[in-house]
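In my numbering, the protein residues as written are -12 to 376.
Glycine residues also receive a C-beta, built at the ideal position from the N, C-alpha and C atoms.
Values in this document were obtained by computation on a predicted structure and should not be read as measured data.
Here the structure is laid out as structure tokens; the discussion comes afterwards.
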């Protein structure tokens, strides 16, 4: 009988060169921490002084560094040579990357190493393009693609020239639960927005232009309601790079009575007193914050993408708007409050299903099983090749 593989004996390299701190970066760190806690050895290849580097240091995860992104061919070539050197210096049994741009150089570095599985977590908008033969060949080195939803799984089928059986939907893996909404009379309503540490002032400037007209529209249509815009961050606002410029911008517009800043952890309980969550545009296909807001029994108004339209169940538990169209944003927000009980009833019915799909237990069981299966397959394949040689 074949001996069962012990994952606690393995070393995994997690690759994420992003400077952002979003869903994908949080997933990378969570995966590394989870595998370390199961007894294995986790290492993260990232950019020095990035937010991922700083958060991984807090978790005592060892890091390796590459100094830049892979926007140019020369940088990808440098990354390929560095990965080759890393594989010579360290014994890694599996590589898990979180960016499409790293897959080609990683595939090239692993072309002669048949024992190491290569996994991609896919959660980014990439243009569909005609790929070169060499690029297609290296992309086929992927052993598996993990996605956060069935719709992203379909996008991955279109984006990568690999078998559909290699693409899996694992959910977001959230340590969360459905929470009960804080009871309140709908006299003062709070519109919550999450502002992470890499949100640009340009993005906030565009949204700020809409706030006076949103307030005026609500005053005309629902004069009994007072509107409060609550900016939420998981980072202390007094140390947040956008706190002072945002505060100054809203003071100049005379909006101080309609603005608040709150520091909260990323969990559903943080949305209990928020009546509507408005998502800001970003590059990710699916955001964990959008789902956390829904689990906090909060209707959402999200930038329109096909993934977010499916997340809102086609308008049952929230709405979508076209980024840059302030008029549509206002009209959709008004529509939600005009039919607020309907959205809340739908949320109450659908939130448990969301939680089951995106739960940490489901994700952990799935990713552990995938690691074991892929490593075993690669190990058997390399053993057969050695015998044939």
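Checklist entry - Would you say residue 212 and residue 218 are within 8 Å of each other, going by their C-beta atoms? => result no
Item to check | Contact set for residue 201: own chain, Cβ-Cβ below 6 Å, skip 5 residues either direction | outcome: 317
Checklist entry - Helix, strand or coil for residue 219 per DSSP? => result strand
Next on the checklist: Please report the straight-line C-alpha distance between residue 255 and residue 193, rounded to a whole angstrom.
Outcome noted: 27 Å
Item to check | For residue 110 and residue 282, the rounded distance between their alpha carbons | outcome: 21 Å
Next on the checklist: Pop quiz: residue 334 and residue 284 are said to be a contact at Cβ under 8 Å. What is the actual Cβ separation, rounded to whole angstroms?
Outcome noted: 5 Å
Checklist entry - What residues are listed by DSSP as bridge partners for residue -1? => result 29, 81
Checklist entry - According to the neighbour-count rule (16 or more other Cβ atoms, all chains shown, within 10 Å of its Cβ), is residue 98 buried or exposed? => result exposed
Checklist entry - Quick one: is residue 180 buried, meaning 16 or more other Cβ sit within 10 Å of its Cβ, or exposed? => result buried
Checklist entry - What's the call for residue 150, buried or exposed, on a 16-neighbour Cβ count within 10 Å? => result exposed
Checklist entry - Just to confirm, are residue -1 and residue 83 a CB contact at a threshold of 8 Å? => result yes
Checklist entry - Hey, residue 125 and residue 186 are a contact pair by Cβ (cut 8 Å); roughly how many whole angstroms apart? => result About 34 Å; that fails the 8 Å criterion.
Checklist entry - Are the beta-carbon atoms of residue 242 and residue 215 separated by less than 8 Å? => result no
Item to check | Enclosing alpha helix (DSSP H) for residue 188 [first to last residue] | outcome: 188 to 195
Item to check | Three-state secondary structure (DSSP) of residue 290 | outcome: strand
Next on the checklist: Which complete alpha helix (DSSP H) runs does the region 241 to 286 hold, if anything under 4 residues is left out?
Outcome noted: 275 to 282
Checklist entry - Do you know how far the Cα of residue 46 is from the Cα of residue 227? => result 21 Å
Next on the checklist: Using CA atoms only, rank isn't needed, just tell me which of 11, 16, 3, 28 is closest to residue -3.
Outcome noted: 28
Checklist entry - Tell me which same chain residues have a C-beta within less than 8 Å of the C-beta of residue -6, skipping the five on either side of it? => result 22, 25, 26, 27, 355, 358, 359, 362
Checklist entry - Residues bridged to residue 133 by DSSP? => result 108, 155
Checklist entry - Nearest CA to the CA of residue 265: which residue from 234, 41, 245, 310? => result 310
Item to check | Nearest-angstrom Cα separation, counted from residue 369 out to residue 132 | outcome: 21 Å
Checklist entry - Beta carbon of residue 160, beta carbon of residue 347: below 8 Å? => result yes
Next on the checklist: Given this structure, state the Cα-to-Cα distance separating residue 6 from residue 314, to the nearest angstrom.
Outcome noted: 32 Å
Item to check | Beta-bridge pairing of residue 342 - partner residues as DSSP gives them | outcome: According to DSSP, which records beta bridges pairwise, residue 342 is partnered with nothing at all.
Next on the checklist: Using the Cβ count rule (16 or more neighbours within 10 Å means buried), how would you classify residue 319?
Outcome noted: buried
Next on the checklist: Need the endpoints of the beta strand (DSSP E) that residue 181 sits in, please.
Outcome noted: 175 to 181
Next on the checklist: Am I right that residue 9 and residue 271 are in contact with their C-beta atoms under 8 Å? What's the rounded C-beta distance?
Outcome noted: 6 Å
Item to check | For residue 52, three-class secondary structure by DSSP | outcome: strand
Next on the checklist: Short of 7 Å in beta carbon distance, which residues of its chain neighbour residue 259, apart from the five on each side in sequence? Order them along the chain.
Outcome noted: 166, 168, 169, 283
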